[in-house]
Amino acid sequence: MGIFGIIGNERTKVAQSVYYGLYALQHRGQESCGIVVNDDGVFSSHKNTGLVDDVFSHGALDALGEGTMAIGHVRYGTLGTKGKTNAEPIVVNHVKGRLAIATAGRISNASELRHELELQGMIFHTASDAEVVSYLIIRERLTAPTIEDAVVRAMARLEGGYCMLLMSPRKLIALRDKRGMHPLCYGQRENGEYVIAGESCALDSVGATFIRELEPGEVLVFSEDGIKSIKEHCGTAAESLCVFEYVYTSRPDSVVSGCSVHEARQRAGALLAKAHPVEADVVVGVPDSGLDAAIGYSRESGIPYGIGLIKNKYIGRTFIAPGQDVREDKVKIKLNPISHTVKGKRVVLVDDSIVRGTTCARLIKLLKNAGAVEVHLRSSAPPFLNPCYYGTDIDSKDALIA
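According to the numbering used here, the sequence shown is numbered sequentially starting from 2.
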């Protein structure tokens, strides 16, 4: 999932900026997307299933109007059904105002919190974590002096790996879980607007200068009074950044925890060549996230790098496609070999990771049919051995090829 927010002092077409930011984060989620604009406490929302360009076509973006702040979301579902119902951001009304929320990652104790809130009379309309968190914050807001105090109190009940953006009538709040499992950063544009995003590449897309990442457990409050940092939950748990951010999830032009994703993948490929050498004629990377690792493997091994697979750019990322049947169908039309590169050659095929095995089995067959005499599969990431409950759609060992 990807989240993006913006806040300034003047009324502008903030939805346009969020649109560009979500475009830059499209790789993080392709099921649905949405934007909520705040114009002096009046919230305007539009969301639906589909890609950013599809959902915000035919004047939908202009219909959101102007405002001083906005948040947006692209969804990769880790639970719940695919559809508009679970699309974010969600907007909830409560006795002290309105609240819009967009989440990334996963709340691992969401089902327990949902049950607790239901017993207190809350009625849920979606299967999303965002609704659970919003009701939890609303409950705390009844006694908390400010919305940010309610957020800090609610965070004490949350487990898992997550980042969130919350928008009240007067404030935009960003928060990151106490372990810092997923990245969240902010920057500033020349016009003074602050921008918050799940990856630094999204800051670049709207011309914002990177300032810093949020610390694990940090809450940042943006308002007309400036920025306030709340670090009550910082340092309460060991930092545990999800390694998949470097392996697959993040774009190569992003910087995560001060490290270029592009460089990290190339270094992983070089280490792979040292650990698992092989005699071969050409190194081929699996587009897109396996390309940097393949280049690193080639440089370290001395085996020439070649473009042996072409990606259909109109097909989304197969790993985050919903459902195994859909993933397998997408692989069939997503990649096609260049026979001139591989015919009669021993090929080292480098992928970023092997999780379900959906892609690699099909690709080996494709390369063999294109004339490769040998195909040596290499993964730049260690085996994925256990389920993930922190933001990746792997909730059973049965789904893992390892």
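Positions of the beta carbon are idealized from the N, C-alpha and C atoms, including for glycine.
*Can you tell me whether DSSP reads Y306 as helix, strand or coil?*
In the three-state reduction of the DSSP assignment, Y306 falls in the strand class, which pools E and B.
*Can you give the Cα-Cα distance for Y21 and S258, rounded to whole angstroms?*
Taking the straight line joining both Cα atoms gives about 23 Å.
_Candidates Y77, F44 and V93: closest to L31 by CA position_ = The identity of residue 31 in the sequence shown is Gln, whereas the question assumes Leu. Minimum Cα distance to Q31 is reached at Y77.
*Consult DSSP for Y298 and reduce its assignment to one of helix, strand or coil.*
Helix.
*Does the Cβ of F320 have 16 or more other Cβ atoms within 10 Å, making it buried, or fewer, making it exposed?*
The predicted position of F320 is uncertain, since its pLDDT is 48 and thus under 50; a value taken from the coordinates is nonetheless stated next. Under this definition F320 is a buried residue.
*Hey, how far is the Cα of E67 from the Cα of N39?*
Near 8 Å, if we compare the C-alpha coordinates of N39 and E67.
*Which first and last residues belong to the beta strand (DSSP E) in which H95 is found?*
The continuous beta strand (DSSP E) containing H95 extends over residues I91 to H95.
*Since I believe L118 is in contact with Y136 (beta carbons under 8 Å), could you give me their beta-carbon distance rounded to a whole number of angstroms?*
Between Y136 and L118, the beta carbon gap of about 5 Å places them in contact (Cβ cut-off 8 Å).
*Pull up the distance between the alpha-carbon of P388 and that of E11, whole angstroms please.*
A direct Cα-to-Cα measurement between P388 and E11 gives close to 46 Å.
*Reduced DSSP category for F320 - H, G, I as helix; E, B as strand; rest coil*: At F320 the pLDDT is 48, less than 50, meaning the model places this residue with poor confidence and gives no usable figure here.
*In the DSSP assignment, find the beta strand (DSSP E) that holds A265 and state where it starts and stops.*
It is not in any beta strand (DSSP E) - A265 instead sits in the alpha helix (DSSP H) that spans V262 to A276.
*asked:* Strictly by DSSP, which residues pair up with T50?
replied: BP columns for T50 point to S33.
*Residue environment, A373, which counts as buried when at least 16 other CB atoms sit within 10 Å*: In summary, A373 is buried, with 16 or more beta-carbon neighbours lying within 10 Å of its beta-carbon over all protein chains present.
*Expected contact under 8 Å - CB spacing of D399 and S381 to nearest Å*: With a contact defined as Cβ atoms closer than 8 Å, D399 and S381 miss out at about 24 Å.
*Would you call the stretch 181 to 192 and the stretch 240 to 255 touching, i.e. three or more CB-CB distances under 8 Å?*
In short, these stretches touch, since the Cβ pair count reaches three.
*In three-state DSSP terms, what is Q17?*
In this structure, Q17 counts as helix in the three-state DSSP scheme.
*Going by alpha carbons, who is nearest to V207 out of L215, E214, R213 and A198?*
Out of L215, E214, R213 and A198, A198 has the C-alpha closest to the C-alpha of V207.
_So, for L350: in the same chain, excluding its five sequence neighbours on each side, which residues have a beta-carbon less than 6 Å away from its beta-carbon?_
Within the same chain, Cβ atoms closer than 6 Å to the Cβ of L350 are found at V285, V376 and L378, the five residues on either side in sequence being excluded.
*Look at the alpha carbon of G106 and the alpha carbon of G392, and state the distance between them as a whole number of angstroms.*
Spanning the two alpha carbons is a distance of roughly 4 Å.
*Look at the Cβ atom of V93, then the Cβ atom of I36, and state whether they are nearer than 8 Å.*
In this structure, V93 keeps its C-beta atom at 8 Å or more from the C-beta atom of I36.
*Assign N87 to buried or exposed, taking buried as 16 or more other Cβ atoms, counted over all protein chains shown, within 10 Å of its Cβ.*
N87 should be labelled buried.
*asked:* Helix, strand or coil, according to DSSP, for L189 in the structure here?
replied: This sequence places Gln at residue 189; Leu is not what is there. If DSSP states are grouped into helix, strand and coil, Q189 belongs with the strands.
*Identified DSSP bridge partners for I334*: In the DSSP output, where bridge partners are listed per residue, I334 has none listed.
*Give the range of the alpha helix (DSSP H) segment to which V152 is assigned.*
Segment I148 to M156, the alpha helix (DSSP H) holding V152.
*Roughly how far, in whole angstroms, is the beta-carbon of V75 from the beta-carbon of A111, given that I think they are within contact range, below 8 Å?*
About 20 Å; that fails the 8 Å criterion.
*Residue from I102, L367, T359 and E200 whose Cα sits closest to the Cα of S340*: Cα-wise, what sits closest to S340 is L367.
*Compute the distance between the beta-carbons of V196 and V152, then report whether it is under 8 Å.*
No. Outside cutoff.
*What do you get for I402, buried or exposed, if any count of 16 or more other CB atoms within 10 angstroms of its CB means buried?*
The residue is exposed, with fewer than 16 neighbouring Cβ atoms inside 10 Å.
*G42, DSSP secondary structure in three states*: The answer is coil: DSSP assigns G42 none of H, G, I, E or B.
*Terminal residues of the alpha helix (DSSP H) in which V343 lies*: Annotation: the continuous alpha helix (DSSP H) that includes V343 extends over S340 to V343.
_Please classify K48 as buried or exposed, where buried requires at least 16 other C-beta atoms within 10 Å of its C-beta._
Classification for K48: buried.
*Could you pull the start and end residues of the beta strand (DSSP E) that T144 belongs to?*
Note, T144: premise wrong, no beta strand (DSSP E); not H, not E.
_Beta-carbon contacts of D254 that lie in its chain and below 6 Å, excluding the five residues immediately before and after_ = Listed in chain order, the non-local C-beta contacts of D254 below 6 Å within the same chain comprise C202, local neighbours out to five positions each way being set aside.
*asked:* With a threshold of 6 Å on Cβ separation, who are the neighbours of G291 within its own chain once the five nearest residues in sequence on each side are excluded?
replied: So the qualifying residues of the chain are V351, D352 and D353.
*Over the uninterrupted beta strand (DSSP E) stretch that includes R213, give me the two end residues.*
T210 to E214 is the extent of the beta strand (DSSP E) around R213.
*Same chain, Cβ closer than 8 Å to S129, neighbours up to 5 away in sequence not counted*: Residues of the same chain with a CB within less than 8 Å of the CB of S129, apart from the 5 flanking positions on each side, are G81, N87, E89, I91 and T104 in chain order.
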